[in-house]
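Report on the structure given below.
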Amino acid sequence: MKKDRRIFGKVLIVLTILFFYLPIVYMVVFSFNSSKSLTSFEGFSMQWYVKMLESHDMMTSLYTTIIVAILATLISTFVGTITAIGLSKSRKAVRNLVSQINDFPIMNPEIVTAIGLMLLFITFSINKGFMTLLLAHIAFCIPYVILSVMPKIRTLDPNLADAAMDLGATPWQAIRKVIMPQIAPGIFAGAIIAFTMSFDDFIISYFVTGDGVKNLSIMVYTMSKRVNPSINAISTLVVVLITIVLILVNVIPAIRKKMMKEEKIASHRGAKVTAGILVVAVLIGFFGIRHVVTPTGEYEGQTLHVYNWGEYTGENIIGDFEEATGAKVVLDIFDSNEQMYIKVANGESYDVLVPSDYMIQRLIEEDRLQPLDHDKLDCFEKLSEGVLDLSYDPGNKYSVPYFWGTVGIVYDKTKVDIEDLEREGFNIFKDPKYRGETYLYDSERDSFMMALKALGYSMNTDSEAELNEAYEWLVECVENTDPEIVTDEIIDNMAQGRKALGLIYSGDASYVMAENPDMGYYMPESGTNLWSDAMVIPKNAQNVDLAHEFINFVSAYEGAMDNSSYVGYTSPNEEVMNELKGPGGDYEGINAYVPRTDNENDEIFTYNEDTRVIISNLWSKVKLAASNN
Numbered sequence: 001m002k003k004d005r006r007i008f009g010k011v012l013i014v015l016t017i018l019f020f021y022l023p024i025v026y027m028v029v030f031s032f033n034s035s036k037s038l039t040s041f042e043g044f045s046m047q048w049y050v051k052m053l054e055s056h057d058m059m060t061s062l063y064t065t066i067i068v069a070i071l072a073t074l075i076s077t078f079v080g081t082i083t084a085i086g087l088s089k090s091r092k093a094v095r096n097l098v099s100q101i102n103d104f105p106i107m108n109p110e111i112v113t114a115i116g117l118m119l120l121f122i123t124f125s126i127n128k129g130f131m132t133l134l135l136a137h138i139a140f141c142i143p144y145v146i147l148s149v150m151p152k153i154r155t156l157d158p159n160l161a162d163a164a165m166d167l168g169a170t171p172w173q174a175i176r177k178v179i180m181p182q183i184a185p186g187i188f189a190g191a192i193i194a195f196t197m198s199f200d201d202f203i204i205s206y207f208v209t210g211d212g213v214k215n216l217s218i219m220v221y222t223m224s225k226r227v228n229p230s231i232n233a234i235s236t237l238v239v240v241l242i243t244i245v246l247i248l249v250n251v252i253p254a255i256r257k258k259m260m261k262e263e264k265i266a267s268h269r270g271a272k273v274t275a276g277i278l279v280v281a282v283l284i285g286f287f288g289i290r291h292v293v294t295p296t297g298e299y300e301g302q303t304l305h306v307y308n309w310g311e312y313t314g315e316n317i318i319g320d321f322e323e324a325t326g327a328k329v330v331l332d333i334f335d336s337n338e339q340m341y342i343k344v345a346n347g348e349s350y351d352v353l354v355p356s357d358y359m360i361q362r363l364i365e366e367d368r369l370q371p372l373d374h375d376k377l378d379c380f381e382k383l384s385e386g387v388l389d390l391s392y393d394p395g396n397k398y399s400v401p402y403f404w405g406t407v408g409i410v411y412d413k414t415k416v417d418i419e420d421l422e423r424e425g426f427n428i429f430k431d432p433k434y435r436g437e438t439y440l441y442d443s444e445r446d447s448f449m450m451a452l453k454a455l456g457y458s459m460n461t462d463s464e465a466e467l468n469e470a471y472e473w474l475v476e477c478v479e480n481t482d483p484e485i486v487t488d489e490i491i492d493n494m495a496q497g498r499k500a501l502g503l504i505y506s507g508d509a510s511y512v513m514a515e516n517p518d519m520g521y522y523m524p525e526s527g528t529n530l531w532s533d534a535m536v537i538p539k540n541a542q543n544v545d546l547a548h549e550f551i552n553f554v555s556a557y558e559g560a561m562d563n564s565s566y567v568g569y570t571s572p573n574e575e576v577m578n579e580l581k582g583p584g585g586d587y588e589g590i591n592a593y594v595p596r597t598d599n600e601n602d603e604i605f606t607y608n609e610d611t612r613v614i615i616s617n618l619w620s621k622v623k624l625a626a627s628n629n
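UniProt numbering numbers the first residue of the sequence shown as 1 and each following residue consecutively.
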């Protein structure tokens, strides 16, 4: 019986180790993948490490993460330790009150803390950036330090400090030479927790930072919106750095233990950890500093603040613009039009935004944009007529197109009969023949667009009866085909042929088709969403002339080529679009790259808040039905 228990215990340990470390091993292996796939290993290559080291944003984010974590750890450890010592000498009522206050931020959901800190900085008109990020990290780390130190203080003789001062020590000497060595394990534990919390944090950091300052968590989040194996490379680098720190913390003290008394090691352990972290910071600092350049040009010393989607900018466009103009570009990232709107509505200042069509309409209606000075723009003659003078901005008074495309069906030509698509259109998502073989995109607007078009209605309908009919159509999809509701993971999954078909953006379909020749893209004749994202200048922009210069630069051949070839979405620059879709182009023979402009049933989204609320509520019910199916 004992032997069986021992075997069971060993098996459990092995399974636990595999559960924790197998994903890390998987990530490390795929960081050396020669292809862009995150699921299929096709050969050894160091290309993603090269791209990582060449990426200014990735190296800067890693540098920022380390520096913020070190500073937050040092400051919060000092403040938390002194606070804990002070509480030990306070009255019981004060001690209990402060302890309860200290526990509150630990128990509080991170999203609540994040929004609270964001509103605090907005209320006091504090520009968000490195300092607000650091202050927020210090704030949420201090309670963990206090919580770690307090138990060690309770084990001390309460008369220890008094005895030291009776023997001639000053209060500070009593704390530093008598109290702190006794509670060193608690301080060390608090420092490690603080460093880990700061290094890992995403939610609070996401809401309190700005001015282009991003830590590693934010950078990885924005990169994960599209297929980018550099995520594996930079994550592997972090694993290596953590391993170095663990070696410094554990191996070196073990060696020195033979040479020094154990109590001396304990008293100096915190200094060793700090030294180890600083060594790593120097290495990261090297990578960060080596990317710093001093630009010169007409706009030298000026700063352009751009707010754009994650993974929506070419590899070289920011650096090339800085070199050409002498200006500095601060690029902030958003992952939804609604998130962008919240910041703009709260008065945060940007020089250039890149919202979608319906959001541009809303911003125009609310008088949050300023008209463009067409005398300062030389880009319109270079752009395709199909993406100009659209309904949301007649005459392009406020906007210049950035990317455009459609929403359609990506399908595996070896599994889906084209005749089925031509006959059924979007109704193919209700065909039981493809049960378990479909993806629905987790977007209420796009999913209801599909349903409304399949039913023959306008995707901009405000009829509640038609919206409810679309809801029933989507529920029928769930019941008939048991679809998997996903977001951007559809890109890699369809590139690997994991299912037969799915709803997808045309730019993502272009990548899928380029990776897998068995994939096709179909737009039903019943119509679809012809969308566009465009550059606009907010009313409170600080650098309007430079904003116009940036719009010209992005729209010109070199900037547009860099953007479109890297991101994969259709360029509004006609020369770039024709070159990329033509002979020898990246998207030769890929119909998803070229938006359809000759179907009268295709529409552009218009903004309607009442309809949006109805659709949002109904889509939640569809997802609930899918989870229960």
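By construction, the Cβ of each residue, glycine as well, lies at the ideal position given by its N, Cα and C atoms.
As summarised for the segment 454-534, the continuous alpha helix (DSSP H) elements at least 4 residues long and confined to that stretch are 464-481, 489-495 and 506-515, given in chain order. In the three-state scheme derived from DSSP, where H, G and I count as helix and E and B as strand, V594 is classed as coil. The three-state reading of DSSP puts I409 in strand, counting E and B together. Per the coordinates, the alpha-carbon of L147 lies some 8 Å from the alpha-carbon of G190. Judged by DSSP in its simplified three-state form, N543 adopts coil rather than helix or strand.
V613 sits exposed, since fewer than 16 C-beta atoms from the chains shown fall within 10 Å of its C-beta. The beta-carbon distance between S205 and N215, rounded to whole angstroms, is 5 Å. This is short enough to meet the 8 Å contact definition. Our two residues, Y358 and L390, have alpha carbons roughly 11 Å apart in a direct line.
In the displayed model, Y21 falls within a helix according to three-state DSSP. DSSP places E603 in the strand class (E or B) of the three-state scheme. For V306, the enclosing beta strand (DSSP E) covers residues T303 to W309. Minimum Cα-Cα distance from K343 among the listed residues P483, F121, V416 and V554 corresponds to F121. Look at S205 here: in three-state DSSP terms it is helix. With at least 16 other beta carbons inside 10 angstroms of its own, A500 counts as buried. Sequence-distant partners of M535 (beyond 5 residues in either direction) whose C-beta falls short of 6 Å from its own C-beta, in its chain, are V352, V354, V400, Y402 and I551. Look at I138 here: in three-state DSSP terms it is helix. If you draw a straight line from the Cα of I428 to the Cα of E600, it is about 22 Å long. Between the alpha carbons of K415 and W404 lies a gap of roughly 29 Å.
With a 10 Å radius around the Cβ and a threshold of 16 neighbouring Cβ atoms, Q100 comes out exposed.
Under the DSSP assignment, K581 falls in the alpha helix (DSSP H) whose first and last residues are E574 to K581. For F32, the three-state secondary structure derived from DSSP is coil.
The residue among T303, Q339, I537 and A169 with its C-alpha nearest the C-alpha of K397 is I537. N127 is classed as exposed because its beta carbon has fewer than 16 other beta carbons within 10 Å across all chains shown. In terms of Cα proximity to S506, the closest of E484, Y587 and C477 is Y587.
If you check the CB distance, L455 and E476 do not come in under 8 Å.
Three or more beta-carbon pairs drawn from the segment 480-487 and the segment 440-450 are found closer than 8 Å, and the two stretches are therefore classed as touching.
Assignment of beta-bridge partners to W404 by DSSP yields S532 and T570.
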